[in-house]
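The sequence shown begins at 1085 in my numbering and counts up one residue at a time. All C-beta atoms in this analysis are idealised placements derived from N, C-alpha and C, irrespective of residue type, glycine included. Step one of this worksheet: look at the structure below.
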Amino acid sequence: MAERRKQQLPAQAETSSPYDTASHATERERTNTVDEIEPVPLRERIFNNVRATYAAPESPSCLLQLYYGPSSNFSFLQHIHSHLTARRASRSISDGNDDDQGIDRFKYKSIVFGSASKKGPATSPVFLHYELALSFLQNFLSTTHHYLPLLDSDRLYETFEKLYGRKGRGDSIEPLDKAGVIVSMALGAMSTEEEYWRQRLLTQARTESESVRYHVNVKAVQVALLMAHCEFATGHPNLAYLSLGSAVTKAFAAGLHKGGSGSDKPELSHTMWNLFCNESISCLMLGRPYLLDRDIITVPLPQRPSFMAALVRLCTTIRNTHRLYFHHETSTIANMVESAHEIRRELEDFSSCIKQDVGVCIGELTCLVDGEKLAWHVVTNYLYFYTMILAFRPLLLLQVELQRPKIAEEQLNGETVPNTSHHRWPLLLDARERCINAARSIISFSESLLSTVTGIQSLCNHGYFLESACFVLVLAATHDSDAAAWSSHIQFITRGLASLRKLVQREPIPSVVAALERMRAKLVAGHALLEQSATPEPVPLQQGDAADVHSGPAATMQMEDVAMMPGLLPDQQSGVPQGGGGIWTDANQEMLASAADDNGILENFELPNMDWGIDFSLLDVEEFVSVMGIQPAFNNFH
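So this is what it looks like as structure tokens:
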């Protein structure tokens, strides 16, 4: 083990950076010390890959398989579950507070994998009233079309009239034109309460997209890309990923990625770079690999100043963030910090660039613009703060993992233990605050946006960004001993829930709200128990006895109560393995203690990478909620 680790560490340990204050000589001493520590902190605790399988009751012979990478919300929920439900194996939270155990009770399987619901009557969108159909198309053109200006608006209206107008009805329609109109209308219906027609249009859009599955040209790529956006906006990121895969392979087949004669045409350029941007975003959110490598695109970049040029720049940073999760240059803490701050600098440069080029201000809550600038403002603000979260989230996870045994020890001993390593964590604490601030910025932005602007739900998946922000704050609150900071976390989570309720209440939004409410309730209950246990019940003294408030039945009960608190892991005291335990075993505790005397050896620990295999029949995921939505009338998982 030591020899294998020595082969992995030197190239990184010898590299200096502004975030690594140790000398090269000290680095070599640290490397030798690390080699003697077994086991090392597992990289999977921070960068974990989730592989899940599930056999649906209605078709047990069909085993569904799902993969999420470390940047996904699903992977992050593993950490949240661990910190919210960690407790002694011999003790559990009372049945009254923990009565919804299991995936079936929480309906998690249907959210993650989809449900094979019975199909209703196949109503054709042609029978939709002309005025209502036109309003859906106009909704699309006034919102999403500004973000994805792929289809020609005049051609859309022309095809629409052939479908619904009296004069053109019955005229022949190209399959791709029809598919484009139906997908556009499905997106336009998303921001309305017309749930029946929204579902019908979405189902028909999938049917039309399937009918042009083997068409290969620019419009075929555009329709597949619009369908991917439609799936993501309706809460089906897995199907969005599959639709993007179709768009990418069609682009390859049509040679759209190659420069040369005609590649500078606006339609080709916009299609190719929109595809690049949307795949960048989707792969970061799901933690999955790219098909479309930036280096193979030889189509000219969009010219500045333009929104498309700014978006390509932002998505290049998004790809760098994706690299942070999947490449081994972030296998040490020092490199993780350095990479996160490099992404932060890129984002700050982007903020200045887009303000100068198109007048979009990052972080501006009050938006007085409309039309295309409103669309640009919404999309870039969400993506900016989401990328900032993803850049610093691994360091937040590490800081929380390091803090967990410290808090458990303090509470179980009933006294304040000097935190000899706390002053070694300034970079982690700074990263934690940056991640938390980005999460709060998303909530504040969404709160302001949804209070002042209507009809923009199809523009992007607001619920996903709010969910991501609230999850960060839930994790931060699990071990925050500062009462004011903890209260602030809860307040922002509550504000995030209020924003989620302003969205049209269709899946997965209600399930996200329900899960966050449960998480918040556990945090509040745990905090109340912590405050109660902070004042130990006095033990009656016998004459001549010495006063010892840290012993006796009351103290024992206090220790047991604290051990049952969500988020506290009394590993060493209980001697019982924890199902959702942290990264620090007894050997790691010795390593942590030695770090205080070795000038921050933690900065250069390598974090090996492993996968998590999940058997959903055994896993307690009462706190989990997926970013997936329930997709009625579509017998496939997503």
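If you draw a straight line from the C-alpha of residue i to the C-alpha of residue j, how long is it?
{"i": "His-1425", "j": "Glu-1279", "result": "44 Å"}
{"i": "Val-1296", "j": "Gln-1541", "result": "27 Å"}
{"i": "Leu-1482", "j": "Arg-1284", "result": "45 Å"}
{"i": "Pro-1154", "j": "Ile-1164", "result": "14 Å"}
{"i": "Trp-1570", "j": "Leu-1513", "result": "15 Å"}
{"i": "Ser-1226", "j": "Tyr-1468", "result": "23 Å"}
{"i": "His-1320", "j": "Pro-1144", "result": "23 Å"}
{"i": "Tyr-1214", "j": "Val-1267", "result": "16 Å"}
{"i": "Val-1383", "j": "Lys-1349", "result": "10 Å"}
{"i": "Lys-1334", "j": "Ala-1263", "result": "16 Å"}
{"i": "Leu-1218", "j": "Leu-1260", "result": "19 Å"}
{"i": "Leu-1375", "j": "Gly-1329", "result": "7 Å"}
{"i": "Gln-1616", "j": "Val-1608", "result": "12 Å"}
{"i": "Ala-1418", "j": "Ile-1380", "result": "32 Å"}
{"i": "Ala-1475", "j": "Met-1311", "result": "29 Å"}
{"i": "Gln-1595", "j": "Tyr-1409", "result": "It is worth fixing the name first, because residue 1595 is Ser in this sequence and not Gln. Looking at the two C-alpha atoms, the distance is approximately 28 Å."}
{"i": "Ser-1390", "j": "Val-1442", "result": "6 Å"}
{"i": "Asp-1377", "j": "Glu-1351", "result": "21 Å"}
{"i": "Leu-1286", "j": "Gln-1487", "result": "46 Å"}
{"i": "Lys-1457", "j": "Glu-1277", "result": "25 Å"}
{"i": "Pro-1373", "j": "Ser-1565", "result": "38 Å"}
{"i": "Arg-1282", "j": "Ser-1532", "result": "26 Å"}
{"i": "Lys-1342", "j": "Ser-1159", "result": "36 Å"}
{"i": "Leu-1247", "j": "Ser-1275", "result": "22 Å"}
Quick one: is residue i buried, meaning 16 or more other Cβ sit within 10 Å of its Cβ, or exposed?
{"i": "Leu-1395", "result": "buried"}
{"i": "Leu-1168", "result": "buried"}
{"i": "Cys-1367", "result": "buried"}
{"i": "His-1255", "result": "Strictly speaking, residue 1255 in this sequence is Asp, with His absent from that position. With fewer than 16 Cβ atoms within 10 Å of its Cβ, Asp-1255 is classed as exposed."}
{"i": "Glu-1292", "result": "buried"}
{"i": "Val-1597", "result": "buried"}
{"i": "Thr-1536", "result": "exposed"}
{"i": "Tyr-1548", "result": "buried"}
{"i": "Phe-1224", "result": "buried"}
{"i": "Ala-1429", "result": "It is Arg, not Ala, that sits at residue 1429 in the sequence shown. Arg-1429 comes out exposed."}
{"i": "Phe-1211", "result": "exposed"}
{"i": "Arg-1585", "result": "exposed"}
{"i": "Tyr-1298", "result": "exposed"}
{"i": "Pro-1478", "result": "buried"}
{"i": "Ala-1337", "result": "exposed"}
{"i": "Gln-1288", "result": "buried"}
{"i": "Gly-1371", "result": "buried"}
{"i": "His-1563", "result": "buried"}
{"i": "Thr-1416", "result": "buried"}
{"i": "Ser-1436", "result": "exposed"}
Give me the DSSP bridge partner(s) of residue i.
{"i": "Tyr-1152", "result": "Val-1134"}
{"i": "Leu-1147", "result": "Ala-1139"}
Suppose the cutoff is 7 Å on Cβ atoms and the five residues either side in sequence are ignored; what does the same chain contact list for residue i look like?
{"i": "Thr-1355", "result": "Leu-1234, Val-1302, Val-1305, Gln-1306, Leu-1340"}
{"i": "Glu-1294", "result": "none"}
{"i": "Glu-1315", "result": "Leu-1323, Ala-1324, Ser-1327"}
{"i": "Pro-1386", "result": "Ser-1353, Trp-1357, Met-1392, Ala-1393, Val-1396"}
{"i": "Gly-1344", "result": "none"}
{"i": "Val-1751", "result": "Past the edges of the chain, shown from 1085 to 1722, lies residue 1751, and the structure says nothing about it."}
{"i": "Arg-1388", "result": "Asp-1441"}
{"i": "Ile-1073", "result": "Because the chain spans 1085 through 1722 in this model, residue 1073 falls outside it and cannot be assessed."}
{"i": "Gly-1539", "result": "Asn-1223, Thr-1227, Ser-1275"}
{"i": "Asn-1157", "result": "Glu-1551, Ser-1552, Phe-1555, Val-1711"}
{"i": "Asn-1545", "result": "Phe-1316, Ala-1317, Gly-1319"}
Beta-carbon within less than 6 Å of residue i's beta-carbon, same chain only, minus the 5 sequence neighbours each way: which residues are those?
{"i": "Cys-1399", "result": "Cys-1361, Ser-1364"}
{"i": "Arg-1397", "result": "Phe-1434"}
{"i": "Ala-1522", "result": "Phe-1469, Met-1472, Ile-1473"}
{"i": "Ile-1577", "result": "Cys-1554, Leu-1557, Arg-1604"}
{"i": "Leu-1480", "result": "Arg-1516, Cys-1519"}
{"i": "Val-1300", "result": "Lys-1334, Ala-1337, Ala-1338"}
{"i": "Val-1332", "result": "Leu-1375, Leu-1376"}
With a threshold of 8 Å on Cβ separation, who are the neighbours of residue i within its own chain once the five nearest residues in sequence on each side are excluded?
{"i": "Thr-1464", "result": "Ala-1394, Leu-1395, Leu-1398, Ile-1438, Val-1444, Ile-1446"}
{"i": "Thr-1471", "result": "Leu-1368, Leu-1398, Thr-1401, Ile-1402, Thr-1405, Ile-1427, Leu-1431"}
{"i": "Leu-1543", "result": "Thr-1227, Thr-1228, Tyr-1231, Ala-1317, Ala-1459, Val-1462, Val-1463"}
{"i": "Arg-1524", "result": "Ala-1553, Leu-1557, Phe-1576"}
{"i": "Phe-1529", "result": "Gly-1447, Leu-1449, Asn-1465, Tyr-1466, Phe-1469"}
{"i": "Leu-1221", "result": "Leu-1240, Tyr-1241, Phe-1244, Val-1265, Ser-1268, Met-1269, Gly-1272"}
Given 8 Å as the limit, tell me if residue i has its C-beta closer than that to any heavy atom belonging to the ligand PLP.
{"i": "Met-1392", "result": "Annotation note on the ligand PLP: not contained in the displayed structure, which lists no ligands."}
Compare the C-beta of residue i against all C-beta atoms of chain C and say whether one is closer than 9 Å.
{"i": "Gly-1610", "result": "Reference to chain C is not applicable here, since this structure consists of a single protein chain."}
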